[in-house]
Every structure is written in C-alpha cells, then in structure tokens.
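Chemist: Please find one structure pasted underneath; my questions will follow.
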Amino acid sequence: MKKSARLVCFALASSVSPLQAGAGELSGYVAVEALGFVESPAAGATSMQHDGYVSLSAEPEYYTDWNNGDNSLTFSPFVRIDGHDSERTHFDIRELSWTQVADDWEMRAGIAKVFWGVTEAAHLVDIINQTDLVENGDGEDKLGQPMVDLTLIRDWGIVDVFILPGFRERTFAGDEGRPRSLLTVDTDAAEYESAAEDKRVDFAIRWAHSVGDWDIGIAHFSGTSREPRFRTQLGGPGGMTPVGLVPVYEIIDQTSIDVQASMGGWLWKLEVVSRSGQGERFTAAAGGFEYSLVGIFESNTDLGLIAEYLFDDRGDTPRALQDGLSSASAFQDDLVIGSRWAFNDIDSSEILASVIIDLEGNGYNYSVEASRRFGDNWKLSMEARGVADLPDDYNGVLLSVKDDNRLRAELAYYY
769 MKKSARLVCF ALASSVSPLQ AGAGELSGYV AVEALGFVES PAAGATSMQH
819 DGYVSLSAEP EYYTDWNNGD NSLTFSPFVR IDGHDSERTH FDIRELSWTQ
869 VADDWEMRAG IAKVFWGVTE AAHLVDIINQ TDLVENGDGE DKLGQPMVDL
919 TLIRDWGIVD VFILPGFRER TFAGDEGRPR SLLTVDTDAA EYESAAEDKR
969 VDFAIRWAHS VGDWDIGIAH FSGTSREPRF RTQLGGPGGM TPVGLVPVYE
1019 IIDQTSIDVQ ASMGGWLWKL EVVSRSGQGE RFTAAAGGFE YSLVGIFESN
1069 TDLGLIAEYL FDDRGDTPRA LQDGLSSASA FQDDLVIGSR WAFNDIDSSE
1119 ILASVIIDLE GNGYNYSVEA SRRFGDNWKL SMEARGVADL PDDYNGVLLS
1169 VKDDNRLRAE LAYYY
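Residue numbers for the sequence shown, in the numbering used here: 769 to 1183.
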C-alpha cells in the first residue's frame, strides 16, 4: 500500500512539475475525503472491510493553445490514495489530447472523456468512456479513453466519428473496499470475447442536431462492452465454493437515442438504448422531466422538480444464462422523484436530493448531495446514499449493498 502510494505520488509530481514552468494555464484541485458507513458489512462479506475510510485525491489540468486557438493541448492526470482499499488507490490520465479546430470540422486525438446523455438518474447512452466505479457508485466518474474523434459540423447536424484503440477495464473495490458485491471482483482474471482482448479497436458514430426547442442525438457503438457480465469463480475444498466474480467483456452493438426539449420552465428528457451481444438483445429506457421554479418564496433560490421513469427488460435479479454469465439491472421498473435547489448565492450553494422507488415493491434508493464554496478556493461537498425497505426474500442486485448506506464528505482546494 505504501509503495503504491509513493509510486502514484511520484508519477503525478513528475507529470505536473515540468508543465508549471511552461506557457499555458494550470488549474485543478487537491482534496481529502472521509467515507463512513452506518452499518457493519453485510453477512457473508469479508471481515477485512471497514466502517470508515479516508483518502486523498488530486486532479491538475494543464491547457495551452496556439495558432489563434485553432490548436490546443489538454493534460489532466488524476490520482487517489486510499487508506484501506488498494484497488481504490489508483492513477489515471483523464485527458491528454490535442485538438485542431477548423470552420466546419474539428479533430481531437489522444486520451479524452466524452459525455452523452440528458437524464438525471441514469446515463444509458453514455458509452464511450469506462466507469471509474471505485470513485463513486453513481457512475459519474470516468476513466480516460484513447481515441481519435472527428467532428463534422453541417447545417443538418453535427456528426462525431470515433476510433477507439484500446479498452479500459472497469474498476472495482478490493477485499477491504466498500461498497462492493459480496464476492470480490477479480480484475486480474478478466476475460474477453475478442482475441485481441484489451487491444481491440472499437468504433462509434453520433449525429446531434437542434431543431427549435428540441435537441436530438442518435448514436451507434460497436466494440467491447464497458459494462461486463460476471462468471462465478469457484474454489475452496472440492473447488465448488463461490470465491469471487470474474468480469467478462463481450463484443456488443448498441444503438441509442437521446432527446431533450426545453419548453418554458419544463425540461423534458428521454434516453433509449438497444443492445445485442450479451445474451439476448435487450432494451433500456429512462425518461421524464425537470420543472424549474425560479425565485421561490421571493428569494434568489431556484427549485427544480424532477420525475423520471427507468425501464430495463433484463430485470433486477442476477440470473445465470446458458453461457454461465449473470446479467441484471438495478433499475428495471422504477420511478425517480427528486429536487434540485440552487441558492444562487456567492458561495454557489446547491442541494440535489432524489429517491428511486422500485415499482415492484423491492424497496428504494436514496441520494442527497450538497456542496458549498468557501472563499475563492475551497469547496465542501457532502452526500448520503443508500437503499432501504428491501423485502426479506429479495435477491436482486442491490442485496450486496443493503448494509452499505453511507455518508461522504470531501473538502477540496481549487487553484
């Protein structure tokens, strides 16, 4: 643990120090995080897990441009050092990309992040980058993806063509980490459908256009799935005892559409995907609205009311298919209700609260996120996440985290 932390710090310092002396802009943050769990780990989980975790993170960003802004370079490494979980201690290059801008086209090459999506609770269409799951279970954090991205700007829309050389495996908590599945994911034993494994070149294309109040995006991805299925790893006496999970990365084709319409105070949202390559073809969708109330109670505070519906025809119970792999979704028939408070003060104070209710009676998820700046450089973020009211006979994908209700606080210094 100490050795890996020193190596990570050395890599970060080595990459940033030369840039500080050159032209360009250097910004970023350093942060300390405290993560605490309300309950002890679920029955069957390893006794190596803890009730509290402390970690340090940093993400500097260097940006420079030339030729009147037609060319630019961005470099953003990320590092986290966790006091307990060796899998959460990791280093990643979030971005190291060169961009060329012309009148009707753009080219970006290197390592970068691309976000697609419009809904609040689930980002179904967001498939270019791999999820950095050890950062947060909400799936918002992504690993940098090697890519060449050609953007064509036309009157009838914007077309992005992606060549994606190299695959990034999803990160998972280790034996000491929380939250995680009851069985630890063995990332060293990852399996691939492609003979090229993580060297396979993937492809994606997306068309986006705005028509009046409507923003529309249609995309297709062909390559190694960022979302693995799992094979149960057997061991112990007789070799028949489940001892872990092996992630299996298959080749998929996914077609998606995302739509957003702004109509007065209403913001309507929809994401739909259809995917083949992981057992039977399945469809998933997320859609709803956010209605904004401006200046409530004659104050500077704006309130957004959120409602969405989540659907996934895979269901939420892990099931072993004919190929021996398990497949499931946590949100197969769920209603999302939430609110977003923007206080519009000098400290950029915000609160986002939501609950995801399983319409089949399988409990609910809750999430509360709050943040506030202090002065020009400091920011405090706090959140609470968990699940509640799971039935006694529940055996869905949330079973392993039913005792992982948690509180998180992060204090960051921005420069």
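In this text, a Cβ means the ideal position worked out from N, Cα and C, and glycines have one as well. Note that the structure is a prediction, hence the values are computed from the model and not measured.
For isoleucine 1125, write down the residues that DSSP places opposite it in a beta bridge.
Modeler: For the purposes of this step, residue 1125 is taken as the residue at position 357 of the sequence shown. DSSP lists Leu1103 and Tyr1132 as partners of isoleucine 1125.
Chemist: Compute the beta-carbon to beta-carbon distance between tryptophan 873 and threonine 919, rounded to the nearest angstrom, for a pair I have assumed lies under 8 Å.
Modeler: Walking along the sequence shown from the start, residue 873 turns up at place 105. Walking along the sequence shown from the start, residue 919 turns up at place 151. At roughly 6 Å, the Cβ-Cβ gap stays under 8 Å, so tryptophan 873 and threonine 919 are in contact.
Chemist: Cutting at 6 Å between CB atoms, please list the residues of its own chain near phenylalanine 1111, excluding the five before and the five after it.
Modeler: Sequence index remark: in the sequence shown, residue 1111 carries index 343 (1-based). Once the five neighbours on either side are set aside, the close Cβ partners of phenylalanine 1111 are Thr1069 and Ser1117.
Chemist: Just checking my contact of leucine 1093 with glutamate 1058 at CB under 8 Å: how many whole Å lie between their CB atoms?
Modeler: Position 325 of the sequence shown holds residue 1093. Position 290 of the sequence shown holds residue 1058. Not confirmed; about 36 Å, so no contact.
Chemist: May I ask you to report which of helix, strand or coil DSSP gives glycine 934?
Modeler: Taking the first residue of the sequence shown as 1, we reach residue 934 at position 166. Three-state result, glycine 934: coil.
Chemist: Is it buried or exposed, tyrosine 830, if we count other Cβ atoms within 10 angstroms and call 16 or more buried?
Modeler: As a position in the sequence shown, residue 830 is number 62, starting the count at 1. Buried, since its Cβ has 16 or more Cβ neighbours within 10 Å.
Chemist: Hey, alanine 1121 and glycine 1106: beta-carbon distance below 8 Å or not?
Modeler: Taking the first residue of the sequence shown as 1, we reach residue 1121 at position 353. Taking the first residue of the sequence shown as 1, we reach residue 1106 at position 338. Their beta carbons are under 8 Å apart, which means alanine 1121 touches glycine 1106 by this criterion.
Chemist: Please classify phenylalanine 883: does DSSP put it in a helix, a strand, or coil?
Modeler: Walking along the sequence shown from the start, residue 883 turns up at place 115. Correct three-state label for phenylalanine 883: coil.
Chemist: Would you call isoleucine 1074 buried or exposed, if buried means 16 or more other Cβ atoms sit within 10 Å of its Cβ?
Modeler: Locating residue 1074 in the sequence shown gives position 306, counting from the first residue. So isoleucine 1074 counts as buried.
Chemist: Sorry if obvious, but does the Cβ on aspartate 1115 come closer than 7 Å to a heavy atom of the ligand MN?
Modeler: Looking for the ligand MN in the displayed structure turns up nothing, as the structure carries no ligands at all.
Chemist: Consult DSSP for serine 1067 and reduce its assignment to one of helix, strand or coil.
Modeler: Here residue 1067 refers to the residue found at position 299 of the sequence shown. In this structure, serine 1067 counts as coil in the three-state DSSP scheme.
Chemist: Let me check one thing: in DSSP terms, what residues is asparagine 839 bridge-paired to?
Modeler: In the sequence shown, residue 839 corresponds to position 71, counting from 1. In the DSSP output, where bridge partners are listed per residue, asparagine 839 has Trp834 and Gln868.
Chemist: Tell me, which residues are paired with methionine 875 by DSSP?
Modeler: By one-based count along the sequence shown, residue 875 stands at place 107. Paired residue(s): Gln868 and Leu918.
Chemist: Mind checking tyrosine 1183: buried by the 16 CB within 10 Å criterion, or exposed?
Modeler: Against the sequence shown, residue 1183 aligns to sequence position 415. Exposed, by the Cβ-count rule.
Chemist: Does leucine 1013 pass the burial test, meaning 16 or more other C-beta atoms within 10 Å, or should it be called exposed?
Modeler: In the sequence shown, residue 1013 corresponds to position 245, counting from 1. Burial call: buried.
Chemist: Suppose the cutoff is 8 Å on Cβ atoms and the five residues either side in sequence are ignored; what does the same chain contact list for leucine 824 look like?
Modeler: Counted from its first residue, the sequence shown places residue 824 at position 56. Only Val798, Ala799, Val800, Glu801, Arg848 and Ile849 meet the Cβ criterion.
Chemist: I need the DSSP call for glycine 1169, collapsed to helix, strand or coil.
Modeler: Along the sequence shown, one-based indexing puts residue 1169 at 401. Correcting the residue type first, residue 1169 is valine in the shown sequence and not glycine. In the structure shown, valine 1169 sits in a helix (DSSP, three-state: H, G or I).
Chemist: Given 8 Å as the limit, is there contact between the segment 1014-1029 and the segment 957-974, that is, 3 or more CB pairs closer than that?
Modeler: Short answer: they touch.
Chemist: Check for me: the beta strand (DSSP E) holding methionine 1255 runs from which residue to which?
Modeler: What the structure shows of the chain is the stretch from 769 to 1183, and residue 1255 is not part of that stretch, so it cannot be assessed.
Chemist: Around the C-beta of threonine 1009, are 16 or more other C-beta atoms found within 10 angstroms, so that it is buried, or is it exposed?
Modeler: The residue you call residue 1009 lines up with position 241 of the sequence shown. When all chains shown are included, threonine 1009 counts as exposed.
Chemist: Excluding the 5 residues flanking glycine 820 on each side, which residues of the same chain have their C-beta closer than 6 Å to its C-beta?
Modeler: Position 52 of the sequence shown holds residue 820. Correct list, in chain order: Gly804.
Chemist: Could you please give me the residues that DSSP links to aspartate 970 through a beta bridge?
Modeler: Here the question's residue 970 lines up with position 202 in the sequence shown. Answer is Leu932.
Chemist: Assuming the contact rule is C-beta atoms closer than 8 Å, glutamine 1022 and valine 1011 should be a hit. Round their C-beta distance to whole Å, please.
Modeler: Counted from its first residue, the sequence shown places residue 1022 at position 254. Counted from its first residue, the sequence shown places residue 1011 at position 243. Not really, about 32 Å apart at Cβ, beyond 8 Å.
Chemist: Run the CB neighbour count on lysine 1037, radius 10 Å, all protein chains shown included, and call it buried at 16 or more, exposed below.
Modeler: For the purposes of this step, residue 1037 is taken as residue 269 along the sequence shown, with counting starting at 1. That one is buried.
Chemist: Within 10 angstroms of its Cβ, does asparagine 1145 collect 16 or more other Cβ (buried), or is it exposed?
Modeler: On the sequence shown, residue 1145 is found 377 positions in, with the first residue counted as 1. The residue in question, asparagine 1145, is exposed, as its Cβ has fewer than 16 Cβ neighbours within 10 Å.
Chemist: Where does threonine 939 fall in DSSP's three states?
Modeler: Reading the sequence shown from its first residue, position 171 is the one you call residue 939. Three-state DSSP puts threonine 939 in coil, outside helix and strand.
Chemist: Would you give the residue range spanned by the beta strand (DSSP E) that valine 1155 belongs to?
Modeler: Taking the first residue of the sequence shown as position 1, residue 1155 is located at position 387. Start and end: 1146-1156.
Chemist: Report buried or exposed for lysine 967, applying the criterion of at least 16 other Cβ atoms within 10 angstroms of its Cβ.
Modeler: For the purposes of this step, residue 967 is taken as residue 199 along the sequence shown, with counting starting at 1. Counting Cβ neighbours within 10 Å, lysine 967 comes out exposed, since fewer than 16 surround it.
Chemist: Rounded to whole angstroms, what is the Cα-Cα separation between tyrosine 1181 and serine 795?
Modeler: Working through the sequence shown from its first residue, we reach residue 1181 at position 413. Working through the sequence shown from its first residue, we reach residue 795 at position 27. Distance between the alpha carbons of tyrosine 1181 and serine 795: 11 Å.
Chemist: In its own chain, which residues sit with a C-beta less than 8 Å from the C-beta of glutamate 863, not counting the 5 before and 5 after it?
Modeler: As a working mapping, residue 863 is identified with position 95 in the sequence shown. Cβ within range, chain order: Glu829, Thr842, Phe843, Ser844, Gly878, Ile879, Ala880, Lys881 and Gly912.
Chemist: Residues bridged to alanine 1138 by DSSP?
Modeler: The residue you call residue 1138 lines up with position 370 of the sequence shown. For alanine 1138, which the question treats as bridged, DSSP gives the partners Ile1119 and Met1150.
Chemist: Quick one: give me the first and last residue of the beta strand (DSSP E) that tryptophan 1036 is part of.
Modeler: Counted from its first residue, the sequence shown places residue 1036 at position 268. Its beta strand (DSSP E) spans residues 1034-1044.
Chemist: Strictly by DSSP, which residues pair up with glutamine 1001?
Modeler: Counted from its first residue, the sequence shown places residue 1001 at position 233. Its beta-bridge partners are Gly1012.
Chemist: Do you know offhand how far aspartate 1160's Cα is from glycine 1131's?
Modeler: Locating residue 1160 in the sequence shown gives position 392, counting from the first residue. Locating residue 1131 in the sequence shown gives position 363, counting from the first residue. Roughly 11 Å separates the two Cα atoms.
Chemist: Taking the straight line between their C-alpha atoms, what separation do you get for glutamine 1090 and aspartate 1084?
Modeler: Start at 1 with the first residue of the sequence shown, and residue 1090 comes out as number 322. Start at 1 with the first residue of the sequence shown, and residue 1084 comes out as number 316. Note that glutamine 1090 scores 48 on pLDDT, short of 50, meaning its location in the model is unreliable; the coordinates nonetheless yield the value given after this. Answer to the nearest angstrom: the Cα atoms are 18 Å apart.
Chemist: In the DSSP output, what is valine 798 paired with across the bridge?
Modeler: The count along the sequence shown starts at 1 and reaches residue 798 at position 30. Bridge partners of valine 798: Ala826 and Tyr1181.
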